[in-house]
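Residue numbers (UniProt numbering): 1 to 142.
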C-alpha cells in the first residue's frame, strides 16, 4: 500500500491515548490542500484503529497490537510508563528501518506538532531530491 503511493506518506503512530489529539490534527490538516490524502496510520491497538476507520475511512491504517507487550511490563514497576514508551520508540524505529530497507519513502510525523504552513506546499522533497534522511528541528525560526 505505501510503496504504490505517488508521494511519500505522512506516517502517524497511534494508540488510544493519542486518538483525540490525532483527530484534532486531522481536522487542522483538512485546511491544507493535499495533506490528508498523504496520511497513513500505524495503530498500536485494534480498537483505536477501528474508531479511526469509522471516523476517517479514507485514511489507510494498519494495526500492530502492542497490548501483549504493554501487558508484559509489570504495572508496579517504578518506571512502567517510561519502559512502555521506550518499547514503542523501538517499534517505531524498527518500522522505519523495515520501510527504508524496502525503498519506501515516508515522513514520520507527530500529531502533536502544529503546522504553521502547508507541508505539501513547501516542496521539501524537491529541495532535497538526493537525501535519504531529512531531519527537522524544533521551532519556526529557520
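Backbone N, C-alpha and C fix where the C-beta goes; we use that ideal spot for every residue, glycine too. For clarity, every value in this text was computed on a predicted model and none was experimentally measured.
Look at residue 3 here: in three-state DSSP terms it is coil, with no helix or strand label. Restricting attention to 20, 70, 12 and 23, the CA atom closest to the CA of residue 38 is found in 12.
DSSP links residue 40 through a beta bridge to 11. C-alpha of residue 44 to C-alpha of residue 101: approximately 22 Å in a straight line. Per DSSP, the unbroken alpha helix (DSSP H) holding residue 100 starts and ends at 80-101.
Check the Cα spacing between residue 19 and each of 36, 68, 42 and 9: the tightest is with 42.
Each of 112, 10, 24 and 53 was checked against the Cα of residue 96, and the nearest Cα belongs to 10. Nearest to residue 6 by C-alpha distance, out of 121, 105 and 83, is 105.
In this structure, 83 is the residue among 83, 21, 40 and 62 with its C-alpha nearest to the C-alpha of residue 69.
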